[in-house]
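Peer 1: Here's a structure for you.
Residue numbers (the working numbering): 80 to 532.
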C-alpha cells in the first residue's frame with residue numbers, strides 16, 4: 080500500500096494534486112487538462128465529450144506517448160503482414176495455416192476523468208467452427224449382450240467389439256460383415272486395444288484376466304496376471320511395448336507386453352478405475368475413477384504427478400485430442416476440458432443430463448459424448464459449442480430402456496463413428512453430406528460468467 084505524504088509537507092495545493100494523481104493512476108497516460116481555443120463553452124463541451132467517451136480523438140499529453148502509439152501501430156502492421164504471408168504459404172491443416180488470435184495494443188478510455196491508457200484487447204472473438212450434423216449410417220447386429228468395448232484397426236480395414244456375451248467379434252469396416260468370433264473370456268469384456276506395430280490385440284474383462292491375442296493364429300498367446308478383481312479399462316502405449324489396465328482393485332497396472340511382467344502398480348485411487356488413456360508425452364498415463372478424481376501419472380517414476388479433483392461425480396470417460404495437447408473428461412455433472420502437462424482446467428461443456436459412459440474426439444475437433452439413457456451430443460472441441468443433440472433409436476424388438484451408449488470410437492479418418500449400445504447392436508454414424516451452414520446455422524452464445532473450476 081502506498082502512503083500519501085502529509086499535506087503539511089507540500090508547498091502548494093497544485094503540487095499536492097499532482098502527487099495524488101501520480102499515486103492513484105500510476106502509469107496511466109493522461110489527456111491534456113485544457114484544449115486550445117478562447118471560448119470557455121467549447122472547452123466545457125469537449126471535456127464532457129471526453130468524460131462520456133464520445134470525443135472523436137483524445138490527444139496523449141504524456142512525454143513520448145504519441146511516439147509509443149505510432150511505434151506500436153507500425154509494429155502491428157509489420158506483424159500482420161508477416162502473418163498473412165506465412166498463412167498463405169502454410170500447408171492446410173497445420174498450426175501455421177490456422178494461427179491463434181493475436182492480441183493487439185489498443186487505446187481505450189479508462190476511469191472517469193477522460194484519461195486514456197494502452198491496454199491489451201483480444202482482436203478476434205472466439206467463434207466455433209461449423210460442423211455438419213451426424214446421422215445414422217448402418218446398424219450391425221451379432222452380439223447377444225451389451226456391447227461394452229470397441230477398437231479400430233490402425234490400418235482402418237476392420238474393427239473389433241467386445242460384449243457381455245463373453246465374445247469378441249471382428250467386423251469389416253467398409254461392409255459391416257462379420258469376419259471372426261473369438262471366445263475365451265468367461266465374463267463381460269470391458270476393454271479392447273489393437274497394436275499398430277504387431278498383429279496383437281489385447282482384451283480385459285470382468286473375470287480378472289488380461290489376454291493378448293495373436294491375430295495371425297486367432298488364439299491367446301499371453302496372459303497378464305495380477306488384478307485382484309474385474310478389469311474395466313485398458314490402453315496400449317503408442318510408442319512403447321507397455322499396456323495399462325485398471326479395474327475394481329483401484330489400481331492402474333503397467334505391463335511389459337513381451338515378458339508379461341508387471342512394471343508398475345500405480346495406487347492412489349479410492350474406487351474403481353473405469354477410464355484410461357496413454358500418450359507419448361508426459362504425463363503418459365491418465366486415469367479416471369469412480370472416486371471422482373483424475374490422476375496424471377509419471378511413467379518413469381511410477382507415481383502420481385497431478386490429482387484433479389474438480390469433478391463431483393464418477394469420471395467414466397476420457398478423450399484425448401489427436402493434435403491439441405489437451406483432453407476432456409466426462410461425468411454426470413459436466414464435461415471438463417484440461418490442458419497438459421499440468422492438468423490446467425480450461426472450461427466446462429455443460430448441457431447434458433445423463434451419466435456419460437463414453438467420449439471420443441477426432442482430428443476435426445468433433446467431440447462425441449454418449450449417455451446411458453441414449454442421449455448423444457456432438458461438441459466443437461475448441462469452443463465448447465454443442466452443435467447437435469440427439470437420441471439413439473433401439474433396434475426392433477428391444478425395450479426403450481435399452482437405449483444407451485457404452486463404447487464409442489472414431490475410425491482412423493475421423494469420418495465415421497462407431498458406437499456400442501445397450502440394445503446389443505453396433506451403430507455406425509457419419510456426417511450428413513446434404514447439410515450446409517445455411518440449413519444448420521451456428522447459434523453460439525458465449526457464457527457470461529464461465530465457471531473457474
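For each residue, glycine too, the CB sits at the ideal point set by N, CA and C.
#1: Looking only at its own chain, which residues have a Cβ that is under 8 Å from the Cβ of residue 510, when we skip the five neighbours before and after it?
#2: If residue 316 and residue 363 are in contact, beta carbons under 8 Å, what's the gap, nearest whole angstrom?
#3: Report all residues from its chain with a CB closer than 6 Å to the CB of residue 237; omit the five preceding and five following residues, and keep chain order.
#4: Less than 6 Å between C-beta atoms, sequence neighbours within five positions excluded: which residues of the same chain meet that for residue 324?
#5: From 487, 241, 387 and 263, pick the residue whose C-alpha is nearest to that of residue 271; which is it?
#6: So the candidates are 369, 402, 442 and 385; which of them puts its Cα closest to the Cα of residue 434?
#7: In this structure, how does DSSP classify residue 164 when only helix, strand and coil are distinguished?
#8: If you measure between the beta carbons of residue 416 and residue 429, is that distance less than 9 Å?
#9: Going along the chain, which unbroken runs of the beta strand (DSSP E) with 3 or more residues stay wholly within the region 439 to 526?
#10: Using three-state DSSP, classify residue 380 as helix, strand or coil.
#11: Where residue 453 and residue 367 are concerned, what is the direct C-alpha to C-alpha distance, given to the nearest angstrom?
#12: Anyone know if the C-beta pair for residue 444 and residue 206 falls short of 9 Å?
#13: Compare the Cα-Cα distances from residue 519 to each of 465, 483, 177 and 412 and report the closest residue.
#14: Any idea what DSSP makes of residue 151, helix, strand or coil?
#15: Can you check which of these residues, 503, 490, 513 and 486, is closest to residue 269 by C-alpha distance?
#16: Quick check on this structure: which residue in 260, 262 and 506 has the alpha carbon closest to the alpha carbon of residue 470?
#17: Identify every run of the alpha helix (DSSP H) within the region 388 to 442, keeping only runs that are complete inside it and at least 4 residues long; order them along the chain.
#18: Taking 8 Å as the limit between beta carbons, can you name the residues of its chain near residue 235, skipping five residues before and five after?
#19: Who are the Cβ neighbours of residue 71 in its own chain at under 7 Å, not counting the five residues just before and after it?
#20: Could you compute how far the alpha carbon of residue 356 sits from the alpha carbon of residue 168?
#21: Report yes if the CB atom of residue 321 is closer than 9 Å to the CB atom of residue 273, and no otherwise.
#22: Consult DSSP for residue 323 and reduce its assignment to one of helix, strand or coil.
#23: Note down the Cα distance separating residue 173 from residue 339, rounded to an integer number of angstroms.
#24: Is residue 156 helix, strand or coil by DSSP?
#25: By the 10 Å Cβ neighbour count, where 16 or more other Cβ atoms means buried, how is residue 216 classified, buried or exposed?
#26: Give every residue of the same chain whose Cβ lies closer than 7 Å to the Cβ of residue 488, excluding the five residues on either side of it in the sequence, and list them in chain order.
#27: Excluding the 5 residues preceding and the 5 following residue 328 in the sequence, name in chain order all residues of the same chain whose CB lies nearer than 8 Å to its CB.
#28: Can you tell me whether residue 202 is helix, strand or coil according to DSSP?
#29: Give me whichever residues DSSP pairs with residue 211 in a beta bridge.
#30: On the DSSP letters alone, give me the boundaries of the beta strand (DSSP E) that residue 251 sits inside.
Peer 2: In brief:
#1: As a first step, residue 510 must be located in the chain shown, where it is residue number 431. Cβ within range, chain order: 210, 211, 212, 213, 214 and 494.
#2: Residue 316 sits at position 237 when you count from the first residue of the chain shown. Residue 363 sits at position 284 when you count from the first residue of the chain shown. That belief holds up - the Cβ atoms of residue 316 and residue 363 are roughly 7 Å apart, short of 8 Å.
#3: To locate residue 237, count along the chain shown from 1; it is residue 158. For residue 237, where only same-chain residues beyond five positions count, the Cβ hits under 6 Å are 249, 251 and 252.
#4: The residue you call residue 324 lines up with position 245 of the chain shown. The residues are 283, 289, 310, 313 and 332.
#5: Here residue 271 corresponds to residue number 192 of the chain shown, with the count starting at 1. Out of 487, 241, 387 and 263, 241 has the C-alpha closest to the C-alpha of residue 271.
#6: Here residue 434 refers to the residue found at position 355 of the chain shown. The option with the nearest alpha carbon to residue 434 is 369.
#7: Residue numbering aside, residue 164 sits at position 85 when the chain shown is read from its first letter. Three-state result, residue 164: helix.
#8: The residue given as residue 416 occupies position 337 in the chain shown. The residue given as residue 429 occupies position 350 in the chain shown. No, they are not a contact pair.
#9: 445 to 450, 454 to 459, 464 to 470, 484 to 489, 495 to 500 and 504 to 510
#10: Taking the first residue of the chain shown as 1, we reach residue 380 at position 301. Three-state result, residue 380: coil.
#11: Looking up residue 453 in the chain shown gives position 374. Looking up residue 367 in the chain shown gives position 288. Cα-Cα distance, rounded: 22 Å.
#12: Here residue 444 refers to the residue found at position 365 of the chain shown. Here residue 206 refers to the residue found at position 127 of the chain shown. No, these two residues do not count as a Cβ contact at 9 Å.
#13: Here residue 519 refers to the residue found at position 440 when the chain shown is read from its first residue. Of the listed residues, the one whose Cα sits closest to residue 519 is 465.
#14: Numbered from its first residue, the chain shown carries residue 151 at position 72. Looking at residue 151 - three-state DSSP - the assignment turns out to be helix.
#15: In the chain shown, residue 269 corresponds to position 190, counting from 1. The option with the nearest alpha carbon to residue 269 is 486.
#16: As a first step, residue 470 is located in the chain shown; it is residue number 391 there, counting from the start. For the residues 260, 262 and 506, the minimum Cα distance to residue 470 belongs to 506.
#17: none
#18: Numbered from its first residue, the chain shown carries residue 235 at position 156. Taken in chain order, the residues that qualify are 252, 490, 491 and 492.
#19: Residue 71 is absent from the model: the chain starts at 80 and stops at 532.
#20: Walking along the chain shown from the start, residue 356 turns up at place 277. Walking along the chain shown from the start, residue 168 turns up at place 89. Taking the straight line from one Cα to the other gives about 35 Å.
#21: Residue 321 sits at position 242 when you count from the first residue of the chain shown. Residue 273 sits at position 194 when you count from the first residue of the chain shown. No. Outside cutoff.
#22: As a working note, residue 323 is residue 244 in the chain shown. Residue state, collapsed to three classes: strand.
#23: On the chain shown, residue 173 is found 94 positions in, with the first residue counted as 1. On the chain shown, residue 339 is found 260 positions in, with the first residue counted as 1. Rounded to the nearest angstrom, the two C-alpha atoms are 39 Å apart.
#24: Counted from its first residue, the chain shown places residue 156 at position 77. Here residue 156 sits in helix by DSSP.
#25: Counting from 1 along the chain shown, the entry for residue 216 is found at position 137. By the 10 Å Cβ count, residue 216 comes out exposed.
#26: Numbered from 1 along the chain shown, position 409 holds the residue referred to as residue 488. So the qualifying residues of the chain are 229, 230, 231, 439 and 497.
#27: On the chain shown, position 249 is the one that residue 328 refers to. Only 306, 307 and 308 meet the Cβ criterion.
#28: The residue you call residue 202 lines up with position 123 of the chain shown. For residue 202, the predicted structure reports a pLDDT of 37, less than 50, and the residue's modelled location is therefore unreliable. A value from the coordinates is still provided. Coil at residue 202, not helix or strand.
#29: On the chain shown, residue 211 is found 132 positions in, with the first residue counted as 1. Looking at the DSSP assignment, residue 211 forms no beta bridge with any residue, so it has no partner.
#30: Here residue 251 corresponds to residue number 172 of the chain shown, with the count starting at 1. Element bounds for residue 251: 246 to 251.
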